[in-house]
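The structure appears right after this line, and notes come after that.
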Amino acid sequence: MANIGYLQLVRHCNQYCRFCSNPASGWMLDLETARRAVDDFADRGYFGVILTGGEPSLSPIVADVTRHAVARGLHVRMITNGSKLAQPGLAASYVEAGLRHFHVSIHSCREELEDFLTGVRGSFALAMQALEQLGAAGATVNVNTVINKLNADHLDENVRYFVGRFPFIGHFVWNNLDPSMGRAETNRDTAHRLADFELSLARAMRFLHKGGRTFRVERVPLCYMTEFAHCSTETRKIVKGEERIVHFLDEKGTVRQTDFRHAKSDACKACTLDSICGGLFELGEHYDLAELYPVFVPAEEIVRRIREDQAP
Amino acid sequence: MAARPAARQVVPLGRACDNACVFCAQEGLPRETVHDVVMPQPGAEGITFVGGEPGSDPRLEGLVARARAAGHTRIGVQTNGRALSAPGRIEALARAGLTDVHLSIHGPDARVHDWHTGAPGSFDAALQTLAAARAAGLGVVVVTVLTRSSFRVLAPMPRLLASRGVAAWCIDVPRWRGRAQTDADRVVPRLALALPFALHAIDAAEALGLPAFVRGAPSCLLGPFASRALAEDEARGFAEACATCPSKATCTGVDTPYLARFGAGELTPCPAVARDTRRASLAALFVGTGEMAPVREDLAVHPPPERARVALPVLGRPAPAHAEVPAGAPKQTGDALKAILPDLFAGKRGER
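One line per chain: the protein sequences are A and B, in this order.
Numbering-wise, the first sequence is residues 1376 to 1687 according to the numbering used here.
Numbering-wise, the second sequence is residues 147 to 498 according to the numbering used here.
The structure is reproduced here in structure tokens:
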């Protein structure tokens, strides 16, 4: 098992994404509390901790939290929009402290659209600079993308662009939009339907797989990623019996998630993958149980691939 | 679009059916029985009784005998095979003059097929009918509808069918009508995802000596198997990119609601395709869906994402989330965090 804990360092941000799921709450982590959380993850035998936010690079305690976590034997990652990491020196200083793995959130390779989605003109250019800085610092770099209505048709174009320009990016993460919380709830123009991204996601996954790269897909029911079901975050956690703890900087507080199965439709009862599928994360106005359909491929092969794969 | 060559004449008996297929294109039409069955004049390609489900019609044996008496020598029935699996039915029909059976089998096993038909036991019944028909010396062809739930499990179909003496197989792209329209999200597959599986299955079928066809797929998505496309009575719809396509004259196109839903990005002009005419008499056995429910205009089609993006510049700055505070609001931290993260301060870490 490779459980990873999530620590929100701050909730403010230097971007203003239309679909932000964790917008400014006014709370902010101090070093003392962060160390308590890190100690708790270590005591539980967790594999690592992910520093997130808001925009965690805006927190003054990143290096100190990292050093403490590394000393406790934890692997440390950061999910960042990269705007601040575009500055020369910051990436190298994080790497020096022991933070060597970054998930840079970029939602489109189309500059105008990326700036629109993040709400800040110039954010695409900064993200590109951040990728250069992180690559030069020798960090492990992943790209995180929130699937939404406006990028749903070119997820494959995105990965071809990023791999072409930054060949050192070996891993991608897609998070399907959560329309139930944050700004996605108040900005419905970003909410898509599952079938909107199905083809471009399939092409993107196939492209990465052919090139020997890896990826994870979160909140996508297996009938919309059947050929790569073993790359579903929820399915992997179900098969491996993993959990995750998130310390939210809002009224939700500490959430320990052990069940990764969400809503299903009647049609799912016939599906051979029902027992390892996370289902539909949120029944907003846009995701629709009517989009779920049974597939009849054998689950055993998927379970075997996940069990044989040591990667988290 | 070229007319169907030497098509069979169909004889509709009514729309009553004992299955409830997830893609039924007749759903919504009245389920009335045709009381005065009109028997066509004998022709070269013969006739096929269609439904609904003709096997449920007690007049079927008599009508087959009547057709034979009228001079028809090639008489078929399009069936799901359930009612015809009753002992003695196929034998009686063969004695009356039936020559071929056109079965619907929608997956390689009971789990897949029965989900599509909504009828537990229907797969076993269809295979019983298939076996009885072959034993009685009747020709059997099989249609499989290509759905979201079937396209990934087509691979075992060729061996299943070839080993049971099936004479030809056709993979049908569902029409965006009836239940396939009301449940389109669940049923109609994205063609660029599903058709490669169909083409692999056609290739495997041909390797086993089972002639295979596809109906309702645009030529440009059929690669080397475009010649196996069966003609339809009328073309579906075309995209702008199709206007100059050399193969348009023989292409079935794509249902227009499909284009409205997904756009035309999957379609590209392709070389002209000559239909494979060597198997015209086999192809003629696949008489198609028949009368379909009209497209319902009251059902909304969700627009494709690229159309949504056209409005991008006027969308404006996003609204804040319900619980969001201004970015510059004073920060709560330190001891105040005990209010939201009490467990981290409770001295019972590791016990949650």
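We treat Cβ as the ideally placed atom computed from N, Cα and C, and that holds for glycine.
From a predicted model like this one, the values you see are computed outputs, not experimental measurements.
**Request:** Please decide whether B/G480 counts as near chain A, where near means a Cβ-Cβ distance under 8 Å.
**Result:** Closer than 8 Å to the CB of B/G480 there is at least one CB belonging to chain A.
**Message:** In the DSSP output, which residue or residues are listed as bridge partners for A/M1403?
**Reply:** Answer by DSSP bridge pairing, in chain order: A/V1385.
**Message:** Can you check which of these residues, B/G264, B/A272 and B/R453, is closest to B/I524 by C-alpha distance?
**Reply:** In the structure as shown, chain B begins at 147 and stops at 498. Residue 524 of chain B is therefore absent and cannot be evaluated.
**Request:** Locate the beta strand (DSSP E) running through B/G222, then write down its first and last residues.
**Result:** Segment I221 to T225, the beta strand (DSSP E) holding B/G222.
**Request:** Excluding the 5 residues preceding and the 5 following B/R498 in the sequence, name in chain order all residues of the same chain whose CB lies nearer than 7 Å to its CB.
**Result:** Model confidence at B/R498 stands at a pLDDT of 44, short of 50, so the residue's coordinates are unreliable; what they give is reported in the following sentence. Scanning its chain for C-beta atoms nearer than 7 Å, with the 5 sequence neighbours on each side dropped, one finds around B/R498 the residues D489, in chain order.
**Prompt:** Using DSSP with H/G/I as helix, E/B as strand and the rest coil, what is A/R1680?
**Reply:** Here A/R1680 sits in helix by DSSP.
**Close-in-space but distant-in-sequence residues of the same chain around B/F297 (CB under 6 Å, 5 per side omitted)** = For B/F297, where only same-chain residues beyond five positions count, the Cβ hits under 6 Å are P335, A340 and F343.
**Request:** Would you please verify whether the beta carbon of A/S1400 is less than 8 Å from any beta carbon of chain B?
**Result:** At least one chain B Cβ lies under 8 Å of A/S1400.
**Request:** Helix, strand or coil for B/R498, going by three-state DSSP, please let me know.
**Result:** Annotation note: pLDDT 44 at B/R498 (below 50); position unreliable, coordinate value reported separately. B/R498 sits in coil when the DSSP states are folded into three classes, being neither helix nor strand.
**Residue range of the alpha helix (DSSP H) that includes B/W261** = First-last of the alpha helix (DSSP H) with B/W261: A256 to T263.
**Asked** Just reading off the beta strand (DSSP E) that B/P304 is part of, what are its end residues?
**Response** Premise fails: B/P304 lies in the alpha helix (DSSP H), M303 to A308, not in any beta strand (DSSP E).
**Message:** I'd like the list of long-range same chain contacts for A/I1522, defined as Cβ closer than 8 Å, with 5 residues on each side in sequence excluded.
**Reply:** Hits under 8 Å: L1530, W1549, N1550, N1551, L1552, H1567, F1572, L1576 and V1595.
**Item:** Neighbourhood of B/A149 by C-beta distance below 7 Å, restricted to the same chain and skipping five residues each side
**Value:** Only weak support exists for where B/A149 lies, its pLDDT of 38 falling under 50; the coordinates are left without a value.
**Item:** Best match in A/I1379, A/G1380, A/L1382 and A/R1386 for proximity to B/A469 [C-alpha to C-alpha]
**Value:** The residue among A/I1379, A/G1380, A/L1382 and A/R1386 with its C-alpha nearest the C-alpha of B/A469 is A/R1386.
**Prompt:** The beta strand (DSSP E) spanning A/V1592 covers which residue range?
**Reply:** DSSP places A/V1592 in the uninterrupted beta strand (DSSP E) bounded by T1589 to E1593.
**Request:** Anything in the stretch 298 to 330 of chain B with a Cβ closer than 8 Å to a Cβ of chain A? List those residues in chain order, please.
**Result:** Among the residues of the stretch 298 to 330 of chain B, those with a Cβ less than 8 Å away from any Cβ of chain A are R298, V299 and D329, in the order of the chain.
**Asked** Does DSSP classify B/V476 as helix, strand or coil?
**Response** Val is not the amino acid found at residue 476 of chain B; the sequence shown has Pro there. The answer is coil: DSSP assigns B/P476 none of H, G, I, E or B.
**Request:** Could you tell me whether any Cβ in chain A is nearer than 8 Å to the Cβ of B/H252?
**Result:** Closer than 8 Å: no.
**Request:** Starting from B/D270, find everything on chain A with Cβ-Cβ shorter than 7 Å and list it in chain order.
**Result:** Listed along chain A, no residue sits closer than 7 Å to B/D270 by beta-carbon distance, the nearest being about 17 Å off.
**Request:** Compare the C-beta of B/E502 with all C-beta atoms of chain A and state if any pair is closer than 8 Å.
**Result:** Since the first residue shown for chain B is 147 and the last is 498, residue 502 of chain B is missing from the structure and cannot be characterised.
**Request:** Might you give, ordered along the chain, the residues of its own chain that have their beta carbon closer than 6 Å to the beta carbon of A/Y1662, omitting 5 neighbours on each side?
**Result:** Counting only Cβ-Cβ distances below 6 Å, and skipping sequence neighbours, we find L1655.
**Message:** Classify A/P1398: buried if its beta carbon has 16 or more other beta carbons within 10 angstroms, exposed otherwise.
**Reply:** Per the 10 Å Cβ criterion, buried.
**Asked** If you draw a straight line from the C-alpha of B/F195 to the C-alpha of B/G253, how long is it?
**Response** The straight-line gap from Cα to Cα measures roughly 23 Å.
**Asked** Taking 8 Å as the CB-CB cut-off, is A/Y1391 touching chain B?
**Response** Taking Cβ atoms only, chain B reaches closer than 8 Å to A/Y1391, which makes this a yes.
**Message:** For the beta strand (DSSP E) containing A/R1535, name the first residue and the last one.
**Reply:** That residue, A/R1535, is in no beta strand (DSSP E); its alpha helix (DSSP H) goes L1530 to R1540.
**Prompt:** Going by other Cβ atoms of all chains shown within 10 Å of its Cβ, with 16 needed for buried, is B/L445 buried or exposed?
**Reply:** B/L445 should be labelled exposed.
**Asked** Interface residues of chain A around B/D444 at Cβ under 8 Å?
**Response** Residues of chain A passing the Cβ test: none, with the nearest at roughly 16 Å.
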